[in-house]
Amino acid sequence: MSAFTAREPLLSVRDLTVGFKTDRGPITALDRISFDLGRGEVLGLIGESGSGKSVTMRALLRILPQKRTTISGSILMEGRDVLALKRRELASYRGNDVAMIFQEPSLAFDPVFTVGRQIAETVVRHKQCSWDAAYARALEMLELVRIPSAKSRLDNYPHEMSGGMRQRAMIALALACSPKLLLADEPTTALDATVQIQVILLLRELQKELGMATIFVTHDVGVAAEISDRVAVMYAGRIVEMGSAADVLKSPAHPYARGLLSSTIHGAMAGERVEAIPGMPPDLANMPSGCAFSPRCAMAMPECRNVIPAPASVGAGRSAACIRVGSVAA
Amino acid sequence: MSADTLASGNAMPLRASRGYWSGVWLRLRRDPVSMACLTVLVLIILASAFAPLIAPGDPSVGSVARRLRPVGTPGYILGTDELGRDMLTRLLFGGRMSLTMGILPVALALLIGGTLGTIAGFVGGLTNAIIMRAADILFAFPSVLLAVAIAGALGAGFVNSLVALTVVLIPPLIRVSESATTQVRSLDFVEAARASGAGAFTIIRVHILGNIMGPVLVYASSLLSVAIIMAAGLSFIGLGARPPTPEWGLMLNTLRNSIYSQPLIAALPGVMIFIVSLSFNLLSDGLRSAMDVK
Numbered sequence: 001m002s003a004f005t006a007r008e009p010l011l012s013v014r015d016l017t018v019g020f021k022t023d024r025g026p027i028t029a030l031d032r033i034s035f036d037l038g039r040g041e042v043l044g045l046i047g048e049s050g051s052g053k054s055v056t057m058r059a060l061l062r063i064l065p066q067k068r069t070t071i072s073g074s075i076l077m078e079g080r081d082v083l084a085l086k087r088r089e090l091a092s093y094r095g096n097d098v099a100m101i102f103q104e105p106s107l108a109f110d111p112v113f114t115v116g117r118q119i120a121e122t123v124v125r126h127k128q129c130s131w132d133a134a135y136a137r138a139l140e141m142l143e144l145v146r147i148p149s150a151k152s153r154l155d156n157y158p159h160e161m162s163g164g165m166r167q168r169a170m171i172a173l174a175l176a177c178s179p180k181l182l183l184a185d186e187p188t189t190a191l192d193a194t195v196q197i198q199v200i201l202l203l204r205e206l207q208k209e210l211g212m213a214t215i216f217v218t219h220d221v222g223v224a225a226e227i228s229d230r231v232a233v234m235y236a237g238r239i240v241e242m243g244s245a246a247d248v249l250k251s252p253a254h255p256y257a258r259g260l261l262s263s264t265i266h267g268a269m270a271g272e273r274v275e276a277i278p279g280m281p282p283d284l285a286n287m288p289s290g291c292a293f294s295p296r297c298a299m300a301m302p303e304c305r306n307v308i309p310a311p312a313s314v315g316a317g318r319s320a321a322c323i324r325v326g327s328v329a330a
Numbered sequence: 001m002s003a004d005t006l007a008s009g010n011a012m013p014l015r016a017s018r019g020y021w022s023g024v025w026l027r028l029r030r031d032p033v034s035m036a037c038l039t040v041l042v043l044i045i046l047a048s049a050f051a052p053l054i055a056p057g058d059p060s061v062g063s064v065a066r067r068l069r070p071v072g073t074p075g076y077i078l079g080t081d082e083l084g085r086d087m088l089t090r091l092l093f094g095g096r097m098s099l100t101m102g103i104l105p106v107a108l109a110l111l112i113g114g115t116l117g118t119i120a121g122f123v124g125g126l127t128n129a130i131i132m133r134a135a136d137i138l139f140a141f142p143s144v145l146l147a148v149a150i151a152g153a154l155g156a157g158f159v160n161s162l163v164a165l166t167v168v169l170i171p172p173l174i175r176v177s178e179s180a181t182t183q184v185r186s187l188d189f190v191e192a193a194r195a196s197g198a199g200a201f202t203i204i205r206v207h208i209l210g211n212i213m214g215p216v217l218v219y220a221s222s223l224l225s226v227a228i229i230m231a232a233g234l235s236f237i238g239l240g241a242r243p244p245t246p247e248w249g250l251m252l253n254t255l256r257n258s259i260y261s262q263p264l265i266a267a268l269p270g271v272m273i274f275i276v277s278l279s280f281n282l283l284s285d286g287l288r289s290a291m292d293v294k
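So the protein lines, in turn, are chains V and R. Taken in order, the first sequence gives residues 1 to 330; the numbers are from the UniProt record's numbering. Taken in order, the second sequence gives residues 1 to 294; the numbers are from the UniProt record's numbering.
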């Protein structure tokens, strides 16, 4: 992968494995995830619910509940080992180096404080400036995300804003400390279709303008195509295919990625049947042996049940974790 | 308590001051029942606080010659008690003790129970189990019985009954603040605060307290009437204030024997207890609806 981005990567994730202790026993939510992210690059993470997209994000920020989680592997951010950060370093890492936009903006703001105060609070925490300066920064940020009459919106409580505006304010909050990496966890899922497009366009514009690297989680392939440079497709806690957005979305190599793309309704005509992937995603507590997708895969062979396929190169900067990938890619 | 006080006293020229609490006050003002109760309570509290200035007589000086004068006697508007002391004076002075005994234990229990409950809710696990089981043990006793038992063991007196009432009021406040904290803790904005680098202390101080303060305060205000009645009850059975201290519960007890000769006078301390605890209750209800923005 490092051949793909000639520059030193901003973020380098190797064999990241996350397990949860649940009442039904331990489960593996992420299984040996590896990827690199260059400065200013946008990586789209796509996959079904429960495929480990959000867990990846939370692991990168280390905000998974400590007592019930086991993390192994390595996360290097500018060469620093994120998993080894001490409490104080972690506090400055979160929000200052890496910021996150949450899926549900109405829940991600504290209802009892004004939006301006919540943005200012983060600025004060990381920049050790006065509240005055922090409020000035908050105003600047609200203007940056194009919230109309930003000055009066500063004093709004979250419930006084519309969903789209709240998500813009959330973006303002995330960008207030100029992070190097932005994690966007399905930031448009909770919004109306028309507002979705506005927020996506805004995010893309700001990302270009500020040059920050972004990991964008979505289950909407159209959104992923719109914003990503590269795309990683996740299934049952593993990355099954990764490559440039154009390659992966136009000619997916992995059977699951193919199924995912053909099951979206983009381009389907009215009355035409949408091709769905048969079956259900596997239970993480009870994973099938070998390739996790094999029970649902139309091209599965007996061998698929025996080995967990490792990501194999399928062209420049492209990999897929499927033993049949050579014959499938045709 | 409010967002503004938490934000430190710095001047913030960019913000208009239209806080949450001013909104609560605005809604409370529109409720006639709450305002009536608030007025009554403020009057009674002020009258008790300034009792030495406004009371017509001395609460402990009586004369057997004028005992049990009826209500309306010139010079003694509310009559005199069994020792000939002016009832109005004694009711005013009695309010000092009774109101203090109602409000102070709730305030102390709010501080202690609120802190313990918030810690239990936020930390969870073993800490939660220890605090909550301890609260459960206290909860297992009927509250009045527990107060009587503690006050009885410690002996009569102001401080002892204060301790007894506080101990009784702590468990319910632990429970309420614990369940409120547990709910708030799992909400997205707490995770969002962690994601933006807030430490545990900041999250508790700003986001948890900011969100549980409302419901916990409302609950504590509903305990005021309970505390006043229990304080009066302790004094009534001789475990609270000691004679000749004027206190409504104690007065109710000493006037018991005169209930056939002067029923109105004997009932007066009870009426005061009734009015105060009813007003606290109704005001607490009004506050609850005024604070409910959603």
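Every residue gets a Cβ at the ideal spot worked out from N, C-alpha and C, and that includes glycine.
DSSP places residue 46 of chain V in the uninterrupted beta strand (DSSP E) bounded by 42-46.
The beta carbon of residue 127 of chain R lies closer than 7 Å to those of 119, 120 in the same chain, with the five residues before and after it left out. Exclusion of the five residues before and after residue 170 of chain R leaves 109, 112, 113 as the residues of its chain whose Cβ lies within less than 6 Å of its Cβ. Separation of residue 68 of chain R and residue 178 of chain R (C-alpha to C-alpha, rounded to the nearest whole angstrom) is 51 Å.
The beta-carbon separation of residue 91 of chain V and residue 177 of chain V, rounded to 12 Å, does not stay under the 8 Å limit for a contact. Between the alpha carbons of residue 184 of chain R and residue 160 of chain V lies a distance of about 20 Å. Within chain V, 107 have C-beta atoms less than 7 Å from the C-beta of residue 187 of chain R, given in sequence order. For a Cβ distance threshold of 7 Å, residue set 197 of chain R lies close to residue 96 of chain V, ordered along the chain.
Listed as beta-bridge partners of residue 32 of chain R by DSSP are no residues whatsoever.
Within chain R, the C-beta atoms nearer than 7 Å to that of residue 100 of chain V come from 195, in chain order. Just so you know, the alpha carbons of residue 228 of chain V and residue 318 of chain V end up roughly 15 Å apart.
Out of R:176, R:107, R:56, R:84, the CA that lies nearest to the CA of residue 62 of chain R is found in R:84.
Within chain V, the residues whose beta carbon sits less than 7 Å from that of residue 20 of chain R are 112, listed in sequence order. Between residue 195 of chain V and residue 44 of chain V, the C-beta spacing is not below 8 Å. Under the 8 Å criterion on CB atoms, residue 56 of chain V is classed as non-interfacial with respect to chain R.
At a cut-off of 8 Å between C-beta atoms, residue 192 of chain R counts as an interface residue with respect to chain V. By the beta-carbon neighbour count (other beta carbons within 10 angstroms, threshold 16), residue 50 of chain R is exposed.
Between residue 121 of chain R and chain V, the shortest Cβ-Cβ separation is not below 8 Å. For residue 313 of chain V, same chain residues with a beta-carbon under 6 Å away, outside a window of 5 residues either side, are 319 in chain order. By the CB criterion at 8 Å, residue 101 of chain R and residue 233 of chain R fall outside the cutoff. Closest by C-alpha distance to residue 277 of chain R, out of R:263, R:228, R:245, R:292, is R:228.
Judged by beta-carbon spacing, residue 87 of chain R lies beyond the 8 Å limit of residue 99 of chain R, meaning their Cβ atoms are not closer than that value. Residues of chain V whose Cβ lies closer than 9 Å to the Cβ of residue 211 of chain R are, in chain order, 110, 111, 112.
Between residue 163 of chain V and residue 139 of chain V, the gap from beta carbon to beta carbon reaches 8 Å or more. When secondary structure is reduced to three states using DSSP, residue 21 of chain V falls in the strand class. Residue nearest to residue 10 of chain V within the set V:22, V:25, V:38 is V:38 (criterion: CA-CA distance). Taking a beta-carbon distance threshold of 8 Å, residue 125 of chain V counts as an interface residue toward chain R.
Counting only the Cα atoms, residue 104 of chain R lies some 18 Å from residue 154 of chain R. Under the DSSP assignment, residue 101 of chain V falls in the beta strand (DSSP E) whose first and last residues are 98-101. The segment 150-157 of chain V and the segment 101-117 of chain V touch, with three or more beta-carbon pairs separated by less than 8 Å. The beta carbon of residue 24 of chain V sits closer than 8 Å to those of 285, all from its chain and outside the five residues before and after it, given in chain order. It is roughly 16 Å from the alpha-carbon of residue 174 of chain R to the alpha-carbon of residue 141 of chain R. Taking one beta carbon from each stretch, the segment 195-211 of chain V and the segment 166-175 of chain V have 3 or more pairs nearer than 8 Å; the two touch. Here residue 191 of chain R really is in contact with residue 63 of chain V; their C-beta atoms are around 6 Å apart, less than 8 Å.
Residue 270 of chain R and residue 149 of chain R have their C-alpha atoms roughly 24 Å apart.
In this structure, residue 243 of chain V sits away from residue 30 of chain V, with a CB-CB distance that is not shorter than 8 Å.
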